[in-house]
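Residue numbers (the working numbering): 399 to 639. Idealized CB from N, CA, C, for every residue including glycine. Bear in mind the structure is a predicted one, so any value in this text is a computation, not a measurement. Okay, structure first, notes after.
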Amino acid sequence: MRKPRLSASSNTSVFKPPTRTPTTPGRPGPAQIPPSLPSSSIPTWTPSPPTPCTGFNPPFSAYRVSDGRIFARGAQDDKSIAIQYLEALRNLKGRGFSPLRSIHVSLVPDEEIGGADGNEKFVASQEFRMLNVGFVLDEGQASPTDEFRVFYADRLPWSLIVNAVGAPGHGSKMYDGSAAENLMECVEAIVRFRDSQFDLVKAGIRAGSEVISVNPVYLKAGTPTPTVSLGACAYQFPIHE
399 MRKPRLSASS NTSVFKPPTR TPTTPGRPGP AQIPPSLPSS SIPTWTPSPP TPCTGFNPPF
459 SAYRVSDGRI FARGAQDDKS IAIQYLEALR NLKGRGFSPL RSIHVSLVPD EEIGGADGNE
519 KFVASQEFRM LNVGFVLDEG QASPTDEFRV FYADRLPWSL IVNAVGAPGH GSKMYDGSAA
579 ENLMECVEAI VRFRDSQFDL VKAGIRAGSE VISVNPVYLK AGTPTPTVSL GACAYQFPIH
639 E
């Protein structure tokens, strides 16, 4: 990430917590700017979770098809924003633009696992405090046109795992109150809640960003034996803030 530097007037610094490493290409402002003037920060997130190969193209190959589209894991999940930031700043600098305050582009890891080992340690560091950040423009949503939507709210994830237990026994028998039955009661209740939120969007009462979305992460049950055993499911609730 050090290679696409904007010009000789830019610098790059690396903050190294015990495990993961945020990188911040910083563009120093004009010399006449008072050091007390807060800077602007435009962060982006670099990780992509594992993904299986579907047989179309390797997921991390960034394969370009004949019409110019690029297929890659994370291509639409804001992983392309870092280079957009750098190219936009490069374009502005080429036009002679000089910002009134310093601009910092931070490339931060581990978003997919909560940020505890990356951004959380970075913002608590002396290096971050020295940036004197007063304004942060976070990533938004990919746009296929030259128009970009500005979002003024974000969501907080709330994840839960539901473990259901029930009467154990041989797989050839029927049992009341089995783990699968108990698990499905919970799943059906969550689905009804999801439908109630989605109905608000369909009716035009709320925007998609103003309701609680619910997404199942996994559903599993049983063991590799013919035995009736416990079941489990996990959900994520992105909550509007």
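Does the beta-carbon of residue i have 16 or more other beta-carbons within 10 angstroms, so that it is buried, or is it exposed?
{"i": "residue 554", "result": "exposed"}
{"i": "residue 556", "result": "exposed"}
{"i": "residue 616", "result": "exposed"}
{"i": "residue 484", "result": "buried"}
{"i": "residue 444", "result": "buried"}
{"i": "residue 481", "result": "exposed"}
{"i": "residue 425", "result": "Its pLDDT being 47, under 50, residue 425 is placed unreliably by the model, and nothing is read from it."}
{"i": "residue 479", "result": "buried"}
{"i": "residue 504", "result": "buried"}
{"i": "residue 486", "result": "exposed"}
{"i": "residue 526", "result": "buried"}
{"i": "residue 513", "result": "buried"}
{"i": "residue 459", "result": "exposed"}
{"i": "residue 594", "result": "exposed"}
{"i": "residue 500", "result": "buried"}
Contact criterion: CB-CB distance below 8 angstroms. Does residue i meet it with respect to chain B?
{"i": "residue 438", "result": "Looking at the structure shown, chain B is missing, and only one protein chain is on hand."}
Do residue i and residue j have their C-beta atoms within less than 8 angstroms of each other?
{"i": "residue 520", "j": "residue 506", "result": "yes"}
{"i": "residue 441", "j": "residue 536", "result": "yes"}
{"i": "residue 437", "j": "residue 530", "result": "yes"}
{"i": "residue 439", "j": "residue 534", "result": "yes"}
{"i": "residue 587", "j": "residue 575", "result": "no"}
{"i": "residue 611", "j": "residue 551", "result": "no"}
{"i": "residue 532", "j": "residue 548", "result": "no"}
{"i": "residue 609", "j": "residue 599", "result": "yes"}
Going by beta carbon distance, what residues of the same chain come within less than 6 angstroms of residue i, once the five residues before and after it are set aside?
{"i": "residue 429", "result": "Residue placement at residue 429 cannot be trusted, given a pLDDT of 47 that sits under 50; what the coordinates show is reported in the next sentence. None."}
What residues match up with residue i in a beta bridge as DSSP calls it?
{"i": "residue 573", "result": "DSSP lists no partner for residue 573."}
{"i": "residue 497", "result": "Looking at the DSSP assignment, residue 497 forms no beta bridge with any residue, so it has no partner."}
{"i": "residue 548", "result": "Its beta-bridge partners do not exist; DSSP assigns none."}
{"i": "residue 442", "result": "505"}
{"i": "residue 599", "result": "Answer by DSSP bridge pairing: none, since residue 599 is not bridged."}
{"i": "residue 592", "result": "None, per the DSSP bridge assignment."}
{"i": "residue 461", "result": "469"}
{"i": "residue 437", "result": "531"}
Using a Cβ-Cβ cutoff of less than 8 angstroms, which residues in the same chain neighbour residue i once the five nearest sequence positions on both sides are dropped?
{"i": "residue 455", "result": "461 and 469"}
{"i": "residue 541", "result": "547"}
To which residues of the same chain is residue i closer than 7 angstroms at the C-beta, ignoring the five residues directly before and after it?
{"i": "residue 528", "result": "none"}
{"i": "residue 596", "result": "none"}
{"i": "residue 592", "result": "612"}
- Task: Would you check if the region 455-465 and the region 487-504 touch, i.e. whether three or more CB-CB distances between them fall below 8 angstroms?
- Result: Below 8 angstroms, too few C-beta pairs join the region 487-504 and the region 455-465 to call them touching: fewer than three.
- May I ask you to verify whether the region 576-584 touches the region 595-603, counting CB pairs closer than 8 angstroms and requiring at least 3? no
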